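Position in the sequence shown (from 1) plus 480 gives the number in the working numbering.
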Amino acid sequence: MSEESTSEKLVELAKRRGYFFQSAGVYGGVGGFYTFGPQGASLKQNIEDAWRERYAVGEGHMEIDAPTIMPEPVFEASGHLEGFDDMLVECPECGTSHRADHIVEDNTDYEDAESLPIPEVEEIVAEYELVCPACGAGLAGQAVERFNLMFATNIGPGDSQPGYMRPETAQGIFVEFPRLKEYARNQLPFGVTQIGRAYRNEISPRRSIIRTREFTQAELELFIDPEDEPDLTEVEDVTVTLYPASEQHAEDGNAVETTIGEAVADGTIADPWIGYFLGISQEWYASVGVDTERFRYRQHLSGERAHYAADCWDAESEIDGNWIEIAGFAHRGDYDLSKHGEHSEDRFTIFNQYDDPKTVERATVDPDMSYLGPEFGSDAQAVVAELEALAERDRTAFDGETVTVDLEGEPSEIPVEKTGFSVDEETIAGEHVTPHVVEPSFGVDRLVYTVLHHAYREDEVDGEKRTYLALDPEVAPTFVGVFPLQRDDDLEARAEAIASDLRAAGLAITYDDSGAIGRRYRRQDEVGTPFCVTVDYESLEDDAVTVRERDSTAQKRLPIAELPDTLAALRAGSLEFAELEDLEG
Ligand code: GAP
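Here it is as structure tokens:
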């Protein structure tokens, strides 16, 4: 029998201890939808709070909360209606749908099948005689089709107003740009964050909460002046593991360890803003419990990039020997704002005021319509438009006696004196620029999974196998378990009073009085509670309790009166358990 993987053990623990489980199980469940149980909901919330603290508050950005359903024009403009799709192949025998690119990647040496044209994927499926992973039937000859991942709905009765569940939270930020820029007093750079649900009708959701159909994203859209560069002082010495596209293409390519400063200087990371975010995120990931030895940044290959991205790096974590994408850091250029500017009536630009007004020359025309009208009839207005465009584009065209305009391929000569051509000086205070967007986009569910996976430990305590989650105190759902040693009115009253004092000190507490004390410790170890406090009969005499540390299982006797301050300091990391004085010496 093959040994269970950590993922298999984790998924079982997650269900048993209330981290996450497939939703609507009573009706058989449906792939790609998960419920976070009491522990999981707290862990996820703590991670979201830590993200907000770092990327919204810590960077001085605004946070918004937009609807999850948006009308069709949003996704027409954003390009999601046209291009947000995956390759679908259906099994001719059992009818199961699969991602054709995944089947190719899982069974051949092709690493980036997503970027291949469909006919080539069909050829590979046939050449390698690839089969349905569900029933083993051959897939050769089956059509591979594009499948749009957005969930469609109708807004209101009837079908006159189609809408879509947002496939990324980002669009909720972009469409509000004309208003958000006012809140930012029209000053670049400014950032807007959002934490919320996104929906993708994944063809084959898999690996529990790693690929789901409803998930949470934490996204930051930073609007920058394309001419500006960030200050990298804070991150230049941060060490990162990078897997650039060049190394992925090379026969014996490898990930490289470097610093953000070096990688930006030698062009490995082409955009310094991306460098900035990779640097701060390296440290943030470590702070919430991602094992940085099992973490890297991988650059997207050109065929892999989303339709809006000019460059993109993924944060990847290692799970049972596989790398999974947990965040994307994309340079979206002016793609989104330009598209929404083209499709809507609003202005998706910022007025960039010059330090000193500039005097510029402007070429204009003021055509003589008493000449153009009889000469060109119904085409006269088109001639005017051509002359205006030409004056702006190439004023030398007006240097001679006549100027030539092109009317649907037909050249026409017009005397320059009839065009009213002139060059005048104009003073301008600034110009409208379309900001560029740099976007760190975090998948919260995949991060929750990574944090749990990287915290999963097995050891032996007193000859017994133990499983525990070495969760960081900042994100652990519960910080302290408080137990009366036995069911006894006096012990319970004292333990409840301690629990209530600790709660008042802002610590996440669980109170547990059921079962043997050893079993209660094991329960808290398994959910990752960093400390347990046990009230025994001696406590009633000496006003002290036993405090046990999860990872080392070391125990110390500490005064009850000092517990709130001591535990708060342990949580903040300003004190180590090993530094505490044990009353029992
Ligand atoms: N706005 C950019 C964007 O949405 P993305 O790379 O498609 O970029 C960002 O998604 C992150 O969202 C990914 O790195 C991943 O962590 C998470 N994510 C994407 N699809 C997911 C899915 N089906 N299930 C769980 N998480 C997903």
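Backbone N, C-alpha and C fix where the C-beta goes; we use that ideal spot for every residue, glycine too. Quick caveat: nothing in here was measured; it's all calculated off a predicted structure.
Margin query: If contact is defined by three or more beta carbon pairs under 8 angstroms, each pair taking one atom from either stretch, is the stretch 700-720 in contact with the stretch 910-928?
Written below: yes
Notebook entry, point to check: Thinking C-beta only, is residue 1039 closer than 8 angstroms to residue 1020?
Noted result: For the purposes of this step, residue 1020 is taken as residue 540 along the sequence shown, with counting starting at 1. For the purposes of this step, residue 1039 is taken as residue 559 along the sequence shown, with counting starting at 1. No; because the gap between Cβ atoms is not below 8 angstroms, this pair is not in contact.
Next item on the list: Kindly indicate which residue of 935, 686, 515 and 530 has the alpha-carbon position closest to the one of residue 764.
Entry: As a working mapping, residue 764 is identified with position 284 in the sequence shown. For residue 764, the nearest C-alpha among the options comes from 530.
Next item on the list: Name, in chain order, the residues that DSSP records as bridge partners for residue 808.
Entry: Taking the first residue of the sequence shown as 1, we reach residue 808 at position 328. 794 and 921, per the DSSP bridge assignment.
Checklist line | Beta-carbon gap between residue 833 and residue 910 smaller than 8 angstroms | finding: Here residue 833 is taken as the residue at index 353 of the sequence shown, counted from 1. Here residue 910 is taken as the residue at index 430 of the sequence shown, counted from 1. Closer than 8 angstroms, so yes.
Check: Alpha carbon to alpha carbon, what distance is there between residue 495 and residue 505?
Finding: By one-based count along the sequence shown, residue 505 stands at place 25. By one-based count along the sequence shown, residue 495 stands at place 15. If I take the Cα positions, the gap works out to 12 angstroms.
Checklist line | residue 1034 Cβ short of 7 angstroms to the ligand GAP heavy atom set | finding: Counting from 1 along the sequence shown, the entry for residue 1034 is found at position 554. No, the Cβ of residue 1034 stays beyond 7 angstroms of every heavy atom of the ligand GAP.
Check: Do residue 755 and the ligand GAP come close, with the Cβ less than 7 angstroms from some heavy atom?
Finding: If you number the sequence shown from 1, residue 755 lands on position 275. Answer for residue 755: no, Cβ out of range of the ligand GAP.
Note to self: On the DSSP bridge list, what partners appear for residue 892?
What the structure shows: On the sequence shown, residue 892 is found 412 positions in, with the first residue counted as 1. BP columns for residue 892 point to 885.
Margin query: So if DSSP puts residue 1039 in a beta bridge, which residue, or which two residues, is it bridged to?
Written below: Position 559 of the sequence shown, counted from the start, is the residue given in the question as residue 1039. Beta-bridge pairing links residue 1039 to 1024.
Next item on the list: Count the other CB atoms, across all protein chains shown, that sit within 10 Å of the CB of residue 634; report buried if there are 16 or more and exposed otherwise.
Entry: Counting from 1 along the sequence shown, the entry for residue 634 is found at position 154. Exposed, because fewer than 16 other Cβ atoms sit within 10 Å of the Cβ of residue 634.
Next item on the list: Quickly, what does DSSP pair residue 878 with across the bridge? List them, please.
Entry: Translated into positions along the sequence shown, residue 878 becomes position 398. Partner(s): none; residue 878 has no beta bridge.
Checklist line | Distance, residue 579 Cα to residue 684 Cα | finding: Stepping through the sequence shown from its first residue, residue 684 is reached at position 204. Stepping through the sequence shown from its first residue, residue 579 is reached at position 99. Near 7 angstroms, if we compare the C-alpha coordinates of residue 579 and residue 684.
Next item on the list: Compare the Cα-Cα distances from residue 666 to each of 978, 956, 912 and 944 and report the closest residue.
Entry: Reading the sequence shown from its first residue, position 186 is the one you call residue 666. Among 978, 956, 912 and 944, the Cα nearest to that of residue 666 is on 912.
Margin query: Please tell me whether, using a cut-off of 7 angstroms, the distance from the CB of residue 546 to the nearest non-hydrogen atom of the ligand GAP is below it.
Written below: On the sequence shown, residue 546 is found 66 positions in, with the first residue counted as 1. Incorrect: residue 546 has no Cβ contact closer than 7 angstroms to the ligand GAP.
Next item on the list: Give me the Cα-Cα distance between residue 564 and residue 1010, rounded to the nearest whole angstrom.
Entry: Within the sequence shown, the letter at position 84 stands for residue 564. Within the sequence shown, the letter at position 530 stands for residue 1010. Their Cα atoms are separated by approximately 43 angstroms.
Margin query: At the level of alpha carbons, what is the spacing between residue 986 and residue 953?
Written below: Residue numbering aside, residue 986 sits at position 506 when the sequence shown is read from its first letter. Residue numbering aside, residue 953 sits at position 473 when the sequence shown is read from its first letter. Cα to Cα, the separation comes out at about 13 angstroms.
Notebook entry, point to check: If you compare alpha carbons, which of 855, 950 and 732 is closest to residue 931?
Noted result: The sequence position of residue 931 within the sequence shown is 451, counting from 1. Residue 950 is the option with its Cα nearest to residue 931.
Notebook entry, point to check: So residue 831 is in the beta strand (DSSP E); what residue range does that whole segment cover?
Noted result: Translated into the one-based positions of the sequence shown, residue 831 becomes position 351. Start and end: 830-844.
Margin query: Please list the terminal residues of the continuous beta strand (DSSP E) segment that includes residue 541.
Written below: Position 61 of the sequence shown, counted from the start, is the residue given in the question as residue 541. Note, residue 541: premise wrong, no beta strand (DSSP E); not H, not E.
Check: Residue range of the beta strand (DSSP E) that residue 947 falls in?
Finding: Position 467 of the sequence shown, counted from the first residue, corresponds to residue 947. Start and end: 944-949.
Next item on the list: Within its chain, find whatever has a CB closer than 8 angstroms to the CB of residue 696; leave out the 5 residues flanking it on each side and keep chain order.
Entry: As a first step, residue 696 must be located in the sequence shown, where it is residue number 216. Counting only Cβ-Cβ distances below 8 angstroms, and skipping sequence neighbours, we find 524, 528, 675, 676, 677, 678, 923, 924 and 925.
Check: Based on the DSSP secondary-structure assignment, which residues constitute the bridge partners of residue 634?
Finding: As a first step, residue 634 is located in the sequence shown; it is residue number 154 there, counting from the start. Answer is 642, bridged to residue 634.
Notebook entry, point to check: Under the three-state reduction of DSSP, which class applies to residue 525: helix, strand or coil?
Noted result: Here the question's residue 525 lines up with position 45 in the sequence shown. The answer is helix: DSSP assigns residue 525 an H, G or I state.
Checklist line | Proximal residues to residue 526 (C-beta, below 6 angstroms), its chain only, five neighbours per side dropped | finding: Along the sequence shown, one-based indexing puts residue 526 at 46. Closer than 6 angstroms at Cβ, skipping near neighbours: 955.
Item checked: Exposure of residue 689, with buried meaning 16 or more beta-carbon neighbours within 10 Å -> Stepping through the sequence shown from its first residue, residue 689 is reached at position 209. So residue 689 counts as buried.
Next item on the list: Name the residue from 510, 557 and 517 whose alpha carbon lies nearest to the alpha carbon of residue 825.
Entry: Position 345 of the sequence shown, counted from the first residue, corresponds to residue 825. Residue 557 is the option with its Cα nearest to residue 825.
Check: Since residue 519 contacts residue 957 with CB under 8 angstroms, what's their CB separation in whole angstroms?
Finding: As a working note, residue 519 is residue 39 in the sequence shown. As a working note, residue 957 is residue 477 in the sequence shown. The Cβ separation is near 5 angstroms, so the contact holds.
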